[in-house]
Amino acid sequence: MRVVWIFLLHIILLGYIHANSLLGYALQFQNETDKLSLLAIKDAITVDPHGIFSSWNNSLHHCQWKGISCSTRHPGRVTILNLSSQDLAGFLSPHIGNLSFLRSVFIQNNSFHGEIPQQIGNLFRLHILYLNNNSFQGEIPKNLTNCKDLREIKLIANNLTGKLPVELRSLQNLAVLDLSLNNFPGKISPAIGNFSSLTFLGLLEARLEGIIPEEIGKLTRLQTLLIGGNNLTGTIPSSFFNLSSLTHVSLAFNNLEGSLPGDIGVRFPNIKGLVIGGNRFTGAIPISLSNASQLEVISFPLNRFTGPVPEELGSLANLSWIGLNDNMLGTRTGDDLSFISYLTNCSKLQKLFLGRNLLKGPLPNSIANLSSQIRFLSIGKNQIYGNLPSEIGNLVNLNSLDLQDNMLHGSIPPTIGNLQHLFQLYFHGNKFTGQIPSTLGNLTFLYDLTFGENNLLGNIPPSLGNCRNLLNLYLALNKLDGHIPVSMFGLSSILFIDLSFNSFTGSLPPDVGNLKQLESLDVSQNKLSGSIPSTLGSCLSLMSLRMNGNSFQGTIPQTLSALRGLNELDISSNNLSGMLPEDLGGLPFLQILNISFNDLEGEVPETGIFKNSSAISLVGNKKLCGGIPELKFPACTFLHPNQRRISRALKVIVPSIVVPICSAVLLGLLILRYRKNNSVVNPSSASVENTLIRISYQELFQATAGFSEAKLIGSGSHGTVYKGVLHKTRSFIAVKVFDFHCRGASKSFTSECKALRNVRHRNLIKILSVCSTVDYQGNDFRAIIYEFMPGGSLESWLHPQKDVNKEDICRRLNLEQRLNIAIDIASALEYLHCHCQPSIVHCDLKPSNVLLDNDMVAHVGDFLAQVLSRTSINLNDDKSSSAIIKGSIGYVAPEYGIGNGANVQGDVYSFGILLLEMFTAKRPTDNKFQAGLNLHNFTRKALPNRVMDIVDQKLISDEETTGGKIQEFMVSVLKIGISCSVETPGDRMKIRDAVRELQRIKEAYGSLWNRTLLPYK
């Protein structure tokens, strides 16, 4: 019997060992499946800047790899894939569908592209799917409905299209669905009411239209609803107000109308944020909002609300933001600001926007008792009167104080100097009296100061020169007197100065020439005397100069003719004498010229603006003569100096006839040669050659004053660029003269002519003509004549030169301008790459080759162009092109360094580097970029959390303009630059995708201009 038991035990033991071996084999196979799937995911990712995949190797079990978590119950099975915020680029491998135990996928804040793989539908255990802030395209996979246990889906900020996936309503456990910042044109389907388990629904800026369906009232568990930034119309359905669980609502920037129910605060007892600005809502602000005790944000701007601001809002202890600006609030009773005394109970209040309403009444002293945390206080453009209490200095954390266009009186308290965090101070359009307090000099962060249209007396305090960040100074229409302090002209960053309609005396100091960035100077209607400083000619950014109604004397400085961007010049009603400078007629953008009521003499020119009688005023100068007949001046009886030049003109009569003929013949031969070599042309630009104006060497010589250094505006590897004025048309031109002592100059001239002869785009420099001839010494001469760009180069804006005092000239491009310029550049490249047949590669994209016109529109120029062969357009490089590196150090694509020829991806690389430079103000050749660190890696490592440490500090003042979202905008823009400048050409973002992404960012920026859309995303 004992032997039998031993035998049976032996059989059982063998069976157990065999079963375990089979189980171990099965587990090993399952482990291998997950491991191989992870390696496939790794292989599909081409950019790994932080080295997250360095641990994904055979030396570690895959459950120990970075970003991987495995099940404790099922050893070796992956349950969490977390690759978020690693700046990865590539596509998401379909092998993710083999990780059948996955519960959570976190790959947000990267640069994944392509479609979301359908195989994700195989993950039937999946709970969480976060793919937001990538570049996924196509439609949302419908087979996500197979993932029956899905609870959270976030696909924010991708390029997803199609219709809203109503099929997902079958997911009974789905609580969070955020599809914001994608493209789902169409209506919100009534089927939305079947998403019965939702607590969070995000559809911000998804291009939706139509009405909000009544069925939305079925989402009884909903806590957050974000559908702002669309084109929704109609009224809010009554069922919506039954959603008592709501805590955050954004309906902002739609076209909704109607009024809010009086009991909204009762219906929404848990509400914390109610954002409905930018619609057409009417009626009163419901008093019942005070019942919603958890309210933190009330944002109702840009609507049509009427009636009083409820005093009951003061009972909301958690309130931090009240945005009621741009409505029609007010009662006309004369006591509309009594509610402010109640708001002093709101100890967390940070932002109070009440501007542009109909509020009437005295300013209560209690305004100084508002929360010490308040940063924005705006009650301008109402009907408020009374004194500004000295206790206003208690609000020491204020960034912006706006009291403009009211009826406030009394003096400005010196305690205003306590507000040392102020950026903006708007007091204009009131009845303030007394002197400007010298304590303003304490406000060193101030960039907007407007005290105009008051009754202020005395001097401008010299301490104002301490406000080194000041951009805008408006003191017009007061009773100020004394000398203008010299310290004011040390504000090198200032853009606008208006001191008009005061009683300033003395002279305008020559130090005014230090204001290199000054765009508008108005000192009209004062008592200034002395001569007009010739140093004004150094203020090259000036567009408006008004000095009329003073006692200036002497002659008009010739240096004013250097102000090529000038639109308006008014020096009327002074004591000026002497001749009219003829060069004023050469100012290309001058639209208004008023020199009336002076003591000028001599002949009136007949050039430029002097030919337009409706644009000039010269009356009251009795000694003037000549000019166009419409001016009705007497004829001049003396010999004009031009007549004395006739004999000298005869000496060049032969060259003036022969050279243009030779030039025209050579130009024709050049065109024929290009036609022969290029049978495929752009049909939209047929016969472009016939539109080129003919310009001779002599005309160019005269236009550039003999190619003098004074006219030199730039130089490059193949020649120099001069600014000139064509004497016939008085139009400004830029002349690129090729230096044939430089290797490759002749080929560069030919390439640029060949590339540009048929292209026409608003963001490309317009070519006016070419000149191919010999100079006066018989040497070969080649030049391309372009339209002149008065705004200068992007280089000069990003990296201004230093002045004699070694202070940076603070030329400032704001966020919107930089976005516009980036879109312009990308659009030019898209045109060259995608719409020219054959494609054209620029080959030398950099800031100095991007020029700005008077409207700050960017124009790309200075090509080292390569026209791709038709068979090489879609290849990595053009084998027919030269293997010589094309481009400039720092911007040239890395593949050019190993002999690859010109290719469109090379331009994309240069654009990516340029984009990073535009928003960081760091050159790619900066000395800090050594030992493997470059601008690409430098930027990539800072994203997303340290982005504000690396962006151009001149953009920080845009923080509030973007509603505090500037970091999000910077991350989005810089991610495009990084995607364009990756090392491998095939992984770079397509230029047309870059255009689309930048336009999308610009649209998002535009929707936030009034700082009222909350960052709930």
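Residue numbering for the sequence shown follows full-length UniProt numbering, beginning at 1 and increasing consecutively. Ideal Cβ placement from N, Cα and C applies to all residues, glycine included. Here the structure is a predicted model, which means the values were calculated and not measured.
*Separation of residue 275 from residue 317, as counted between CA atoms*: Taking the first residue of the sequence shown as 1, we reach residue 317 at position 317. Taking the first residue of the sequence shown as 1, we reach residue 275 at position 275. Roughly 18 Å between the two C-alpha positions.
*Determine which residues share a DSSP beta bridge with residue 568 and list them.*
In the sequence shown, residue 568 corresponds to position 568, counting from 1. Paired residue(s): 544 and 592.
*asked:* Please report the distance separating the alpha-carbon of residue 991 from that of residue 562.
replied: Taking the sequence shown and counting its residues from 1, the one referred to as residue 991 is at position 991. Taking the sequence shown and counting its residues from 1, the one referred to as residue 562 is at position 562. Residue 991 and residue 562 have their C-alpha atoms some 39 Å from each other.
*asked:* the ligand MG and residue 193: does any heavy atom of the ligand fall closer than 6 Å to the residue's C-beta?
replied: The ligand MG is not part of the structure shown, which contains no ligands of any sort.
*When the Cα atoms are used, what is the spatial distance from residue 586 to residue 253?*
Residue numbering aside, residue 586 sits at position 586 when the sequence shown is read from its first letter. Residue numbering aside, residue 253 sits at position 253 when the sequence shown is read from its first letter. Cα to Cα, the separation comes out at about 47 Å.
*Contact set for residue 577: own chain, Cβ-Cβ below 8 Å, skip 5 residues either direction*: Taking the sequence shown and counting its residues from 1, one reaches residue 577 at position 577. Here the set comprises 553, 554, 555, 598, 599, 600 and 601.
*Closer than 6 Å by C-beta to residue 363: which residues in its own chain qualify, once you throw out the five before and the five after it? Chain order, please.*
Here residue 363 is taken as the residue at index 363 of the sequence shown, counted from 1. Excluding sequence neighbours, residue 363 sits near 384 and 386.
*asked:* The beta strand (DSSP E) that contains residue 130, what's its start and end?
replied: Indexing the sequence shown from 1 puts residue 130 at position 130. Note, residue 130: beta strand (DSSP E), 128 to 130.
_Rounded to whole angstroms, what is the Cα-Cα separation between residue 1024 and residue 63?_
Because the chain spans 1 through 1017 in this model, residue 1024 falls outside it and cannot be assessed.
*Do you know how far the Cα of residue 768 is from the Cα of residue 697?*
As a position in the sequence shown, residue 697 is number 697, starting the count at 1. As a position in the sequence shown, residue 768 is number 768, starting the count at 1. Residue 768 has its alpha-carbon roughly 14 Å from the corresponding atom of residue 697.
*Chain-order list of residues whose beta-carbon lies under 8 Å from that of residue 132 (same chain, five-residue window excluded)*: Residue 132 sits at position 132 when you count from the first residue of the sequence shown. Within the same chain, Cβ atoms closer than 8 Å to the Cβ of residue 132 are found at 108, 109, 154, 155, 156, 157, 158 and 178, the five residues on either side in sequence being excluded.
*asked:* Contact defined as beta carbons within less than 8 Å: I believe residue 359 pairs with residue 330. What is the distance between those atoms, to the nearest angstrom?
replied: Taking the first residue of the sequence shown as position 1, residue 359 is located at position 359. Taking the first residue of the sequence shown as position 1, residue 330 is located at position 330. In this structure residue 359 is in contact with residue 330, their Cβ atoms being roughly 5 Å apart against a cut-off of 8 Å.
*When 457, 466 and 495 are compared against residue 483, the one with the closest alpha-carbon*: Reading the sequence shown from its first residue, position 483 is the one you call residue 483. The candidate whose alpha carbon is nearest that of residue 483 is 457.
*Output the boundary residues of the beta strand (DSSP E) element that contains residue 577.*
If you number the sequence shown from 1, residue 577 lands on position 577. Here the beta strand (DSSP E) through residue 577 covers 575 to 579.
*Thinking residue 281 and residue 257 are a contact (beta carbons under 8 Å), I'd like their distance in whole angstroms, please.*
Reading the sequence shown from its first residue, position 281 is the one you call residue 281. Reading the sequence shown from its first residue, position 257 is the one you call residue 257. Contact between residue 281 and residue 257 holds: CB atoms are separated by about 7 Å, below the 8 Å threshold.
*Around the C-beta of residue 762, are 16 or more other C-beta atoms found within 10 angstroms, so that it is buried, or is it exposed?*
Here residue 762 refers to the residue found at position 762 when the sequence shown is read from its first residue. By the 16-neighbour rule on beta-carbons within 10 angstroms, residue 762 is exposed.
*Since residue 919 contacts residue 892 with CB under 8 Å, what's their CB separation in whole angstroms?*
Residue 919 sits at position 919 when you count from the first residue of the sequence shown. Residue 892 sits at position 892 when you count from the first residue of the sequence shown. That belief does not hold up - the Cβ atoms of residue 919 and residue 892 are roughly 21 Å apart, past 8 Å.
_Where the beta strand (DSSP E) through residue 552 begins and ends_ = Here residue 552 refers to the residue found at position 552 when the sequence shown is read from its first residue. Start and end: 551 to 554.
*asked:* On the criterion of 16 or more Cβ atoms from any shown chain inside 10 Å, does residue 32 qualify as buried, or is it exposed?
replied: One-based indexing of the sequence shown puts residue 32 at position 32. Within 10 angstroms of the beta-carbon of residue 32 lie fewer than 16 other beta-carbons, which makes it exposed.
*Bounding residues of the beta strand (DSSP E) (the contiguous stretch that carries residue 539)*: For the purposes of this step, residue 539 is taken as residue 539 along the sequence shown, with counting starting at 1. For residue 539, no beta strand (DSSP E) segment is defined, and its DSSP state is neither H nor E.
*Using the Cα positions of residue 690 and residue 817, report the straight-line distance between them to the nearest angstrom.*
Looking up residue 690 in the sequence shown gives position 690. Looking up residue 817 in the sequence shown gives position 817. Reliability of the predicted coordinates at residue 690 is poor, the pLDDT of 40 falling under 50, and no value is obtained from them.
*Could you tell me the boundaries of the beta strand (DSSP E) in which residue 113 lies?*
What you label residue 113 is simply residue 113 of the sequence shown in a count that begins at 1. 111 to 115 is the span of the beta strand (DSSP E), which, as asked, contains residue 113.
*For residue 429, which beta-bridge partners are listed by DSSP?*
Along the sequence shown, read from residue 1 onward, the residue named residue 429 stands at position 429. DSSP lists no partner for residue 429.
_I'd like the list of long-range same chain contacts for residue 45, defined as Cβ closer than 6 Å, with 5 residues on each side in sequence excluded._
In the sequence shown, the residue the question calls residue 45 occupies position 45. 88 and 90, listed in sequence order.
*asked:* Just verifying my parser: in three-state terms, what is the DSSP assignment at residue 976?
replied: Taking the first residue of the sequence shown as 1, we reach residue 976 at position 976. Taken through DSSP and simplified to helix, strand or coil, residue 976 comes out as helix.
*Under 7 Å between C-beta atoms of residue 848 and residue 793*: Walking along the sequence shown from the start, residue 848 turns up at place 848. Walking along the sequence shown from the start, residue 793 turns up at place 793. When the beta-carbon positions are compared, residue 848 and residue 793 come within less than 7 Å of each other.
*Pull up the CB-CB distance for residue 1022 and residue 349, whole angstroms please, since I reckon it's below 8 Å.*
Any question about residue 1022 goes unanswered here, given that the chain covers just 1 to 1017.
*Mind checking who residue 281 pairs with in its DSSP beta bridge?*
Residue mapping note: residue 281 aligns to position 281 of the sequence shown, counting from 1. DSSP lists 258 as partners of residue 281.
*Determine the DSSP secondary structure at residue 948, reduced to helix, strand or coil.*
For the purposes of this step, residue 948 is identified with residue 948 of the sequence shown, where counting begins at 1. Annotated three-state conformation of residue 948 is helix, per DSSP.
*Throw me the rounded Cβ distance for the residue 513 and residue 541 pair, which I believe falls under 8 Å.*
Counted from its first residue, the sequence shown places residue 513 at position 513. Counted from its first residue, the sequence shown places residue 541 at position 541. About 12 Å; that fails the 8 Å criterion.
*Please name the residue, chosen from 346, 534, 603 and 934, that lies closest to residue 636 on a Cα-to-Cα basis.*
Start at 1 with the first residue of the sequence shown, and residue 636 comes out as number 636. The residue with the shortest Cα to Cα distance from residue 636 is 603.
*Host alpha helix (DSSP H) of residue 697 (start-end)*: As a working mapping, residue 697 is identified with position 697 in the sequence shown. Here the alpha helix (DSSP H) through residue 697 covers 697 to 703.
*How is the beta strand (DSSP E) around residue 384 delimited, first residue to last?*
Against the sequence shown, residue 384 aligns to sequence position 384. That run of the beta strand (DSSP E) goes 383 to 387.
_C-alpha gap between residue 26 and residue 71, whole angstroms_ = The count along the sequence shown starts at 1 and reaches residue 26 at position 26. The count along the sequence shown starts at 1 and reaches residue 71 at position 71. Legend: pLDDT at residue 26 = 42, less than 50; position of this residue unreliable, no value from coordinates given.
*If residue 278 sits next to residue 302, beta carbons under 8 Å apart, how far is it from one beta carbon to the other, in whole angstroms?*
Taking the first residue of the sequence shown as 1, we reach residue 278 at position 278. Taking the first residue of the sequence shown as 1, we reach residue 302 at position 302. Residue 278 to residue 302, Cβ: 5 Å. Contact.
*Could you spell out where the alpha helix (DSSP H) holding residue 995 opens and where it closes?*
Taking the first residue of the sequence shown as position 1, residue 995 is located at position 995. From DSSP, the alpha helix (DSSP H) with residue 995 extends over 991 to 1006.
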